[in-house]
Amino acid sequence: ANTSLSGRRQYTTHSQLPEEHQMIYEMCRNFANEELAPNAGEWDQKHAFPTEAITHMAELGLMGINVPGEYGGSELDALAYAIAMEEISRGCASAGVIMSAHNSLYLWPIQEFGTPEQKEKWVAPYAQPVKEDGTLNIGCFGLSEPGNGSDAGAASTTATPSEDGSEWIINGTKAWITNAHESSAAVIFATTDKSLKHKGISAFVVPLDAEGFSLGAKEDKLGIRASSTSNLIFDNVRIPKENLLGNEGDGFKIAMKTLDGGRIGVAGQAVGIASASIDCAANYALERVAFGKPIAALQSIQNKISAMSVARDSSRLLMWRAAMLKDAGVKYTKEAAMAKLSASEASTMCSHQAIQVLGGMGYVSDMPAERHYRDARITEIYEGTSEIQHLVIAGDVLKEYKG
Numbered sequence: 119a120n121t122s123l124s125g126r127r128q129y130t131t132h133s134q135l136p137e138e139h140q141m142i143y144e145m146c147r148n149f150a151n152e153e154l155a156p157n158a159g160e161w162d163q164k165h166a167f168p169t170e171a172i173t174h175m176a177e178l179g180l181m182g183i184n185v186p187g188e189y190g191g192s193e194l195d196a197l198a199y200a201i202a203m204e205e206i207s208r209g210c211a212s213a214g215v216i217m218s219a220h221n222s223l224y225l226w227p228i229q230e231f232g233t234p235e236q237k238e239k240w241v242a243p244y245a246q247p248v249k250e251d252g253t254l255n256i257g258c259f260g261l262s263e264p265g266n267g268s269d270a271g272a273a274s275t276t277a278t279p280s281e282d283g284s285e286w287i288i289n290g291t292k293a294w295i296t297n298a299h300e301s302s303a304a305v306i307f308a309t310t311d312k313s314l315k316h317k318g319i320s321a322f323v324v325p326l327d328a329e330g331f332s333l334g335a336k337e338d339k340l341g342i343r344a345s346s347t348s349n350l351i352f353d354n355v356r357i358p359k360e361n362l363l364g365n366e367g368d369g370f371k372i373a374m375k376t377l378d379g380g381r382i383g384v385a386g387q388a389v390g391i392a393s394a395s396i397d398c399a400a401n402y403a404l405e406r407v408a409f410g411k412p413i414a415a416l417q418s419i420q421n422k423i424s425a426m427s428v429a430r431d432s433s434r435l436l437m438w439r440a441a442m443l444k445d446a447g448v449k450y451t452k453e454a455a456m457a458k459l460s461a462s463e464a465s466t467m468c469s470h471q472a473i474q475v476l477g478g479m480g481y482v483s484d485m486p487a488e489r490h491y492r493d494a495r496i497t498e499i500y501e502g503t504s505e506i507q508h509l510v511i512a513g514d515v516l517k518e519y520k521g
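Quick note, the sequence shown lines up with residues 119 to 521 if you use our numbering.
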C-alpha cells in the first residue's frame with residue numbers, strides 16, 4: 119500500500135470519486151431507496167430483523183466489503199465502506215448498524231490479527247454469509263460489560279487455560295451486543311492475567327453454539343429497533359486454544375484498533391441518518407403550504423435546511439478524510455474520533471430539526487422523522503461516547519503540542 123497521502127487523490131464530492139466508488143454509491147443509494155426506506159418503518163415497529171434485506175446486502179458484497187477476495191470478500195477500501203454505510207443507513211439505520219458491526223467489529227479484527235487458519239474458518243464463511251439453507255452467518259463483538267462501558271480496560275470476563283492447556287474456559291457477561299441474536303460467532307475480550315490490568319486482556323473467537331453459552335433477553339431500545347441487542351453470557355464456555363486472536367495480552371490493543379475503524383462505520387451510519395432527515399425536511403417544506411406559499415420560502419425554515427446541510431457535509435468530509443487516511447496506511451485514530459463525534463452530533467441535530475420543520479407531522483409515525491430522531495441518539499453513545507471521543511481527540515492534539 120502507498121503509505122503516504124502524496125500521490126493519492128483526495129476526494130471531496132461524490133462526482134470526483136473514482137468510477138468504482140461511484141458505482142458503490144449508486145448501487146447502495148438505489149438499494150436503500152427501493153428496498154430499505156419503504157420497509158424501515160415496519161421493521162422498526164415490529165422489532166423485526168430485516169433478514170431478506172441483509173441477505174440481499176450480502177449478495178451485493180456489502181457484508182464482506184473490506185475482506186480480501188481470497189476469503190470471499192469484495193476487497194474494497196475504507197472509503198467505499200464509508201460511502202456504502204451512509205447510503206444504507208439513509209435507507210434504514212438498523213440495516214446500517216447490522217452491516218457495521220459485522221464488517222468493522224467482527225470481520226476486521228480477525229482479518230487483521232488472525233492466522234490463515236482462523237481467517238479460513240471465521241472470515242471466509244462470514245464475508246459471503248448466505249449459507250446453502252438460506253440462513254446467514256453473522257458476527258458480533260463483545261467488549262462492553264454490565265459493569266464497564268467506557269472503561270474498557272476493566273474487563274471482568276475471564277479466560278483461563280484448561281488443565282491440559284488445550285482449551286480456554288471463558289466466564290462472564292458481555293452487554294449491549296449488536297447482532298447478538300442473529301450471530302453464530304463473536305470476537306470476545308477477556309482477562310487472562312488480572313495483575314497486568316488492561317495489558318492482561320486477550321481476544322478470542324467464540325462460536326455461539328458452544329456449550330455453556332446463552333443469550334440475554336433482547337433489549338427494548340429507543341431506536342435501531344430492527345437490530346437485536348442483548349447480553350452474551352458465558353458459563354464455563356470451552357474453546358480450543360487456537361481460538362486466541364493475536365497473542366495473549368493483545369486484547370486491549372486489538373479492541374482499540376478495531377474501534378478506530380468502527381468509528382468510520384458509525385460516522386457513516388450517523389451521516390446517513392442526517393441525510394435521511396434532510397430529505398424528509400426539504401421535501402416536506404417544498405410541499406407544505408402556510409401563509410399562502412410553501413414553507414420552504416420562509417427564512418426560518420431555510421436557516422434550518424442550511425444548518426442541517428452544513429453539519430452533514432462537514433461530517434461527511436471528516437469521515438472521508440479518516441477513511442482515506444486508513445486506506446493510506448497511516449494513523450487515523452484522532453481523525454476517526456473527529457468524524458464519529460461530528461457525525462453523531464450532526465445526526466442528532468438534523469433529526470431534531472427535521473421534526474421541527476414538519477411540526478405535528480414530525481411527531482407521529484406516519485412520517486419517518488420521528489424514527490430518524492430515535493435512531494440518531496445512539497450514535498453519540500456506542501463505539502465510544504462523545505465524551506470519550508473528546509478525550510481521544512484532545513489527547514492526540516496535546517501530544518502534538520508537547521512534541
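Here a beta-carbon is modelled for each residue, glycine too, at the ideal position from N, C-alpha and C.
Shown here, P227 sits in a helix according to DSSP, grouped into three states. Per DSSP, the beta bridge partners of N266 are E263. When the five nearest sequence neighbours on each side are left out, the beta carbons in the same chain lying within less than 8 Å of the beta carbon of L362 are those of W286, S320, A321 and F322, in order along the chain. Pairing T278 with G502, the inter-Cα distance amounts to about 28 Å.
Listed in chain order, the beta strand (DSSP E) elements of length 3 or more contained wholly in the stretch 294 to 319 are 301 to 309. With a cut-off of 8 Å on Cβ pairs, the stretch 458 to 472 is not in contact with the stretch 183 to 200, counting fewer than three such pairs. In this structure, D397 sits away from T451, with a CB-CB distance that is not shorter than 7 Å. In the displayed model, T173 falls within a helix according to three-state DSSP.
DSSP places I391 in the uninterrupted alpha helix (DSSP H) bounded by G369 to E405. Around the CB of E463, 16 or more other CB atoms lie within 10 Å, so the residue is classed as buried. Out of E453, E250 and T310, the CA that lies nearest to the CA of S274 is found in T310.
Secondary structure of R356 (DSSP, three-state): strand. P264 is classed as exposed because its beta carbon has fewer than 16 other beta carbons within 10 Å across all chains shown.
For A277, there is no enclosing alpha helix (DSSP H); the residue is part of the beta strand (DSSP E) that begins and ends at T276 to P279.
Cβ atoms of I351 and A441 stay farther apart than 8 Å, at about 35 Å.
It is roughly 43 Å from the alpha-carbon of E518 to the alpha-carbon of H299. The Cβ atoms of T376 and T296 lie no closer than 7 Å to each other. F149: member of the alpha helix (DSSP H) spanning E137 to F149, first to last residue. The beta carbon of D493 sits closer than 6 Å to the beta carbons of A211, G341, I342 and I391 from its chain, once the five residues preceding and following it are set aside; these are given in chain order. Under the three-state reduction of DSSP output, E285 falls in the strand class.
7 Å or more divides the Cβ of V389 from the Cβ of I288. With a contact defined as Cβ atoms closer than 8 Å, G334 and A303 miss out at about 18 Å. Looking at the DSSP output, C258 bridges to A304. In the DSSP annotation of this structure, S133 is not part of any beta strand (DSSP E), being labelled neither H nor E.
Just measuring C-alpha positions, the residue of A272, H316 and M141 sitting nearest A198 is M141. Per the DSSP secondary-structure output, G478 pairs with nothing in a beta bridge.
Within the stretch 184 to 257, the complete alpha helix (DSSP H) segments of 4 residues or longer fall at 196 to 209, 211 to 218, 226 to 231, 234 to 240 and 242 to 245, listed in chain order.
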